[in-house]
Every structure is written in structure tokens, then in C-alpha cells.
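A.B. asks: Have a look at this one before I ask anything.
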Amino acid sequence: MKLHSRLQNLTRAALFLALAFVLPFLTGQIPEIGALLCPLHIPVLLCGFICGAPWGLAVGIVAPLLRSLTLGMPPLFPTAVCMAAELAVYGAVAGMMHRLLPRKKVYIYVSLLTAMVVGRFVWGAAMLLCLGLQGAPFTWAAFLAGAVTNAVPAIILQIVLIPVSVMLWETKFQRWSEKT
């Protein structure tokens, strides 16, 4: 990969990390809404699609841990640790599948849904492990509530927003950045 391309991806990934750091401030004014929309997920998924799997993985790991260590939200253990595992998988799987699959609109959705499902299972496994270390139970009902039921608004938002953003990037911004 050319140095110019690597620098572009580094810059974009830094912008996605900054967005992940700031976006929860917009939704966090009403904690119930912020928790329902999962604002950290959006920049990580976009980073995976636009910058690629390694960058999506890195931003996914760093974003929740950085917010936790600097702002105290989300709480470090187990929340931020488990989110870091989940978001790392989101960014990596979205980026990897988007690179490997044909560049058709339907495959953006396939990549996104696969990343979301795999990431949620990784979150569940991480919660099971972390809570198990504390001697606390993590039940199937708790997994379904955290990964699906409580996340329905975020799932809908991601299914609507991410593919449109990726398609817009690939048709408008990518061509513009190749000219500069």
C-alpha cells in the first residue's frame, strides 16, 4: 500500500475515533436514548467499511476504552472491556467482508449484518467471561436483552445509516479524494 493511502486511512481512522469520542455527548443528554442508539457503534462500523479491517479493529478497541479512561463512561469493567471486544469485531468483520465481497449494494448489507451478529455474540461471550470472573451470572435472557431487545433502535439506525453512508462515500467522496 502506498504511503499516501496509509496516511489517508490513518487520518480517517483518527476522525472516526474522534467521532466515537464525541457522538455519545449528543445522545447522552438523555441517557435512556443514548443507551438505545449505541452511538459508539456507528463510527466504528464506518471506519471498518471505509478504512478497512485493521483500522476498524483498532478504532473499535480504542474508542470505548479511551472514553472510559478519560470520561468514566462507559464504566471500564465489564462494560468498556466487553464493548471493546464487540466493536473490534464490528470494525474488523465489516472491513474484511466489504473488501472480500463484490462491490454491490446488497453486499454492504450482508457485511453489516454479519458484523453486527458476530459482534453481538462476541459481546455476549465477553460478558459471560467477565461476569464469570466476578462470580456473577450472565444468562441467556440477559444476553438477549442486551444484544437484541434493548438494541432494536440502534440496530434499525445502523441498518439505515451505515449502508447509505458507505454508498455515499463510495460514489461521491472517494472519487473526490482520488482527484486531490
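Position 111, counted from 1, in the sequence shown is what this note's numbering calls 131; the numbers after and before it change by one each time, with no gaps.
Positions of the beta carbon are idealized from the N, C-alpha and C atoms, including for glycine.
Note that this is a predicted model, so its numbers are computed, not measured.
Does the Cβ of TRP160 have 16 or more other Cβ atoms within 10 Å, making it buried, or fewer, making it exposed?
C.D. replies: So TRP160 counts as exposed.
A.B. asks: Cβ atoms of GLY76 and ALA112: under 8 Å apart, would you say?
C.D. replies: In this structure, GLY76 lies closer than 8 Å to ALA112 by Cβ.
A.B. asks: Between the stretch 65-74 and the stretch 116-123, do three or more beta carbon pairs fall short of 8 Å?
C.D. replies: Yes: at least three Cβ pairs fall under 8 Å.
A.B. asks: One question on the structure: do GLY80 and TYR110 come within less than 8 Å of each other, judged by their Cβ atoms?
C.D. replies: Yes, they are a contact pair.
A.B. asks: Shortest alpha-carbon distance to VAL64 belongs to which of LYS192, SER185, THR191, GLU190?
C.D. replies: Ranking LYS192, SER185, THR191, GLU190 by Cα distance to VAL64 puts SER185 first.
A.B. asks: Can you look up PHE158 in the DSSP assignment and give me helix, strand or coil?
C.D. replies: The answer is coil: DSSP assigns PHE158 none of H, G, I, E or B.
A.B. asks: Are the CB atoms of PHE86 and PHE41 nearer to each other than 8 Å?
C.D. replies: The displayed chain sequence assigns Leu, not Phe, to residue 86. Result yes, Cβ atoms of LEU86 and PHE41 sit closer than 8 Å.
A.B. asks: Classify PRO59 as helix, strand or coil using the three-state DSSP reduction.
C.D. replies: Coil.
A.B. asks: Please classify PRO122: does DSSP put it in a helix, a strand, or coil?
C.D. replies: Three-state DSSP puts PRO122 in coil, outside helix and strand.
A.B. asks: Can you tell me the Cβ-Cβ gap for ALA171 and CYS102, rounded? I've got them flagged as a contact below 8 Å.
C.D. replies: About 14 Å separates the two Cβ atoms, so there is no contact after all.
A.B. asks: Taking all protein chains shown into account, do 16 or more other C-beta atoms lie within 10 angstroms of the C-beta of HIS61, making it buried, or fewer, making it exposed?
C.D. replies: Buried, because 16 or more other Cβ atoms sit within 10 Å of the Cβ of HIS61.
A.B. asks: Ordered along the chain, which non-local residues of its own chain (more than five positions away) have a Cβ less than 6 Å from that of LYS124?
C.D. replies: Counting only Cβ-Cβ distances below 6 Å, and skipping sequence neighbours, we find nothing.
A.B. asks: With DSSP as the reference, label VAL168 as helix, strand or coil.
C.D. replies: Coil.
A.B. asks: Take the Cβ of SER88 as the centre, count every other Cβ of all protein chains shown within 10 Å, and call the residue buried at 16 or more, exposed below.
C.D. replies: It counts as buried.
A.B. asks: From the DSSP output, in three-state form, read off PRO94 for me.
C.D. replies: Residue state, collapsed to three classes: coil.
A.B. asks: Using the beta-carbon count (16 or more within 10 Å), is THR200 buried or exposed?
C.D. replies: Legend: pLDDT at THR200 = 49, less than 50; position of this residue unreliable, value from coordinates given subsequently. THR200 comes out exposed.
A.B. asks: Could you compute how far the alpha carbon of TRP15 sits from the alpha carbon of PRO157?
C.D. replies: Nothing can be reported for residue 15: it is not among the residues displayed for the chain, which extend from 21 to 200.
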